[in-house]
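Going by my numbering, the residue at position 1 of the sequence shown is 26; the numbering climbs one at a time, nothing skipped. From the three backbone atoms N, C-alpha and C, an ideal C-beta is built for every residue, glycine too.
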Amino acid sequence: EAEAHAEEDKKKREKIEAQNEADNIIYATEKALKDHGDKISDDDKKSIQDALEELKKVKDTGTPDEIREKIKKLGEVSQKLGQAAYQQAAGQEAGGGEHGYPLLFDYQQRW
Numbered sequence: 026e027a028e029a030h031a032e033e034d035k036k037k038r039e040k041i042e043a044q045n046e047a048d049n050i051i052y053a054t055e056k057a058l059k060d061h062g063d064k065i066s067d068d069d070k071k072s073i074q075d076a077l078e079e080l081k082k083v084k085d086t087g088t089p090d091e092i093r094e095k096i097k098k099l100g101e102v103s104q105k106l107g108q109a110a111y112q113q114a115a116g117q118e119a120g121g122g123e124h125g126y127p128l129l130f131d132y133q134q135r136w
């Protein structure tokens with residue numbers, strides 16, 4: 026019985042971790058879109074928004090693998106947004122400003 030509970034606990038933990046990852050990338054992507062969305066094409070922006078919505082839909086009901094698949098897709102379509110944020114961050118760094126959105130880029134590189 027303890028083994029059955031251990032497996033159940035492991036599955037719950039995996040789902041919670043995937044949901045937390047999804048929450049983090051949703052927040053980072055929405056913030057990056059708000060701050061840098063004007064620097065990318067409307068088509069790229071729509072692709073990112075669509076991927077965001079897909080991730081939001083599976084976040085609470087999907088399996089950890091489904092959630093991670095949507096995180097990966099969002100990371101892939103968000104690359105141009107990441108480039109725009111990095112370019113601005115590089116310009117601000119030269120002037121002593123803040124850096125860009127490391128959390129978003131960490132997910133892009135990770136997945």
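Count the other C-beta atoms from every protein chain shown that fall within 10 angstroms of the C-beta of residue i, then say buried if there are 16 or more, exposed otherwise.
i: H124; result: Low confidence applies to H124: its pLDDT is 43, below 50, so where it sits in the model is not reliable, and the reading given next is rough at best. By the 10 Å Cβ count, H124 comes out exposed.
i: A31; result: exposed
Specify the secondary structure class of residue i as computed by DSSP and reduced to three states.
i: G100; result: helix
i: I73; result: helix
i: G121; result: Per-residue confidence for G121 stands at a pLDDT of 44, beneath the threshold of 50, marking its modelled position as unreliable; no derived number is given.
i: I65; result: coil
i: G107; result: helix
i: D90; result: helix
What is the residue span of the alpha helix (DSSP H) that residue i lies within?
i: E39; result: A27 to H61
Counting only beta-carbon separations shorter than 7 Å, does residue i have a partner in chain D?
i: L106; result: Here there is only one protein chain, and chain D is not present.
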